[in-house]
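S.K.:
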Ligand code: HEM
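Numbering (this note's numbering), first residue to last: 530 to 926.
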């Protein structure tokens, strides 16, 4: 069994995942496709049980990758919560967690709705439009920059740098060129955030940036940690939400009977979003964990220091957990998908991204209810962040 990176896999990776689940064995991918000797890489696990147990296990794995940076870690996020063990992970997370609670993010409803309406007001009924460029991309970036306290004028630059990072974050498609572009993007983003930390922008008193400035002033957070936190939140805080909005619109309009259920009962929109997260998980794989000791998973022996990542997009279609796993069913309940991870590293931005997707889809349905897909969409050539590249619609009010 080998994952063959043809266009077919990018469009539809799920038959390959089903085969991995059937075999039940870990699958090794080198950090770089050009490394044909497979000298360094990570093991991918594909079943729901394997995914759940790895994500919940902080005894046998470390997430602190500082010592293993040369083995494919993301330098920009190294000092962030995502790559720390306890108690440092909890300490960093608790500094900002309250800003992402359901009650706290309610304040972004208004901004998100106004932006969604503005974007749609610029689009002509009767036209053919790629909704990723014209709609899905802008609102999550606007919301996250507002939350962080970054001036709106920086958005085009942030988007470009963030895309360079996304492109090279996929071990299966990275090239020397995209890898270098990613390193440059990290540097540019870090110096931008440094400017923010140094107080070069006007920023709201209740923004996350302001909070980090105060923590830094009071010696509770180093500059390095603060900048890494900003980079992580900026990146994680919009790339995946764009993916979720695009995929949800696609799945609804390619399943008219499910769309009709939502038209009859708008409360089912939450179910559609959860089902999109399961069926087209925006992050197809988790970040990696490193084994701390000898370990056996489903009969496969790992030594200490091996990198393991779980294929969320496969676990979420595991037939042992989900009936009709390849079907899009907005009424699916329960839906214990792992799209936001599990355990202590589960996604901090879960409520924010669900809120954004709900607003984006709902307002689109109100504004252009009679629209239709203008052909098959295309996906970005990235097996890690699963985002539509072209989602063309014929718009009709
Ligand atoms: C559809 C949208 C999103 C998806 C599918 C998603 C997915 C995930 C997943 C799978 C993880 C766990 C990674 C692992 O354990 O290896 C994670 C963690 C994280 N996510 Fe998200 N995410 C989304 C949106 C957001 C947003 C909007 C933000 C912030 C504004 C965010 C910030 C984070 C952070 C900071 C972590 C690390 C948490 C920790 O280490 O304690 N994410 N996300």
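All residues carry an ideal CB built from backbone N, CA and C; glycine is no exception. Owing to the predicted nature of the structure, the values given are computational and were not obtained by experimental measurement.
For residue 919, which residues of its own chain have a beta-carbon under 8 Å away from its beta-carbon, when the five flanking residues on both sides are left out?
M.R.: Position 390 of the chain shown, counting from 1, holds the residue named residue 919. Here the set comprises 659, 661, 906 and 907.
S.K.: Cβ atoms of residue 672 and residue 818: under 8 Å apart, would you say?
M.R.: The sequence position of residue 818 within the chain shown is 289, counting from 1. The sequence position of residue 672 within the chain shown is 143, counting from 1. No, these two residues do not count as a Cβ contact at 8 Å.
S.K.: If I measure Cβ to Cβ from residue 589 and keep anything under 8 Å in the same chain, skipping five residues before and after, which residues do I get?
M.R.: Sequence index remark: in the chain shown, residue 589 carries index 60 (1-based). Once the five neighbours on either side are set aside, the close Cβ partners of residue 589 are 820, 821, 822 and 824.
S.K.: Evaluate contact between the segment 831-843 and the segment 788-801, counting only Cβ atoms and requiring at least three cross-stretch pairs below 8 Å.
M.R.: Because the criterion of three Cβ pairs below 8 Å is not met, the segment 831-843 and the segment 788-801 do not touch.
S.K.: In terms of alpha-carbon separation, which member of 815, 759, 789 and 723 lies closest to residue 858?
M.R.: Counting from one through the chain shown, the residue named residue 858 turns up at place 329. That would be 789, whose Cα lies nearest to the Cα of residue 858.
S.K.: On the DSSP bridge list, what partners appear for residue 829?
M.R.: What you label residue 829 is simply residue 300 of the chain shown in a count that begins at 1. In the DSSP output, where bridge partners are listed per residue, residue 829 has 826.
S.K.: Does the distance between the C-beta of residue 878 and the nearest non-hydrogen atom of the ligand HEM fall short of 7 Å?
M.R.: Within the chain shown, residue 878 is the residue found at index 349, counting from 1. Checking the Cβ of residue 878 against the ligand HEM gives yes.
S.K.: With 16 as the cutoff for other CB atoms within 10 Å, does residue 852 come out buried or exposed?
M.R.: On the chain shown, residue 852 is found 323 positions in, with the first residue counted as 1. By the 10 Å Cβ count, residue 852 comes out exposed.
S.K.: Starting from the Cα of residue 911, find the closest Cα among 810, 777 and 866 and give me that residue.
M.R.: To locate residue 911, count along the chain shown from 1; it is residue 382. The shortest C-alpha separation from residue 911 is found at 810.
S.K.: Please name the residue, chosen from 845, 605 and 889, that lies closest to residue 871 on a Cα-to-Cα basis.
M.R.: Along the chain shown, one-based indexing puts residue 871 at 342. Checking every option, the nearest Cα to that of residue 871 belongs to 845.
S.K.: How big is the Cα-Cα spacing for residue 930 and residue 663?
M.R.: Residue 930 lies beyond the range of the chain shown here (530 to 926); nothing can be said about it.
S.K.: In the DSSP assignment, find the alpha helix (DSSP H) that holds residue 764 and state where it starts and stops.
M.R.: By one-based count along the chain shown, residue 764 stands at place 235. 752-765 is the extent of the alpha helix (DSSP H) around residue 764.
S.K.: Determine which residues share a DSSP beta bridge with residue 572 and list them.
M.R.: The residue you call residue 572 lines up with position 43 of the chain shown. In the DSSP output, where bridge partners are listed per residue, residue 572 has 557 and 837.
S.K.: With 16 other CB atoms within 10 Å as the buried threshold, where does residue 555 fall?
M.R.: By one-based count along the chain shown, residue 555 stands at place 26. Its Cβ being crowded by 16 or more others within 10 Å, residue 555 is buried.
S.K.: Would you mind stating whether residue 885 and residue 668 have Cβ atoms separated by less than 8 Å?
M.R.: Within the chain shown, numbered from 1, the residue matching residue 885 stands at position 356. Within the chain shown, numbered from 1, the residue matching residue 668 stands at position 139. In contact: residue 885 and residue 668 (Cβ atoms closer than 8 Å).
S.K.: Using a 10 Å radius around the Cβ and a threshold of 16 neighbouring Cβ atoms, would you call residue 849 buried or exposed?
M.R.: Numbered from 1 along the chain shown, position 320 holds the residue referred to as residue 849. That one is exposed.
S.K.: Cβ of residue 766 versus every heavy atom of the ligand HEM: is any distance shorter than 7 Å?
M.R.: By 1-based counting over the chain shown, the position of residue 766 is 237. Yes; taking the cut-off as 7 Å, the Cβ of residue 766 has a heavy atom of the ligand HEM nearer than that.
S.K.: Less than 7 Å between the CB of residue 819 and some heavy atom of the ligand HEM, yes or no?
M.R.: Looking up residue 819 in the chain shown gives position 290. Not under cutoff, so the answer is no.
S.K.: Apply the 10 Å Cβ neighbour rule to residue 689 and answer buried if 16 or more other Cβ atoms are within range, or exposed otherwise.
M.R.: Here the question's residue 689 lines up with position 160 in the chain shown. Result: exposed.
S.K.: Around the C-beta of residue 847, are 16 or more other C-beta atoms found within 10 angstroms, so that it is buried, or is it exposed?
M.R.: In the chain shown, residue 847 corresponds to position 318, counting from 1. With 16 or more Cβ atoms within 10 Å of its Cβ, residue 847 is classed as buried.
S.K.: Could you pull out every residue in the same chain whose Cβ sits closer than 6 Å to the Cβ of residue 928, ignoring the five residues on either side in sequence?
M.R.: A query on residue 928 cannot be resolved here, the shown segment of the chain reaching from 530 to 926 and no further.
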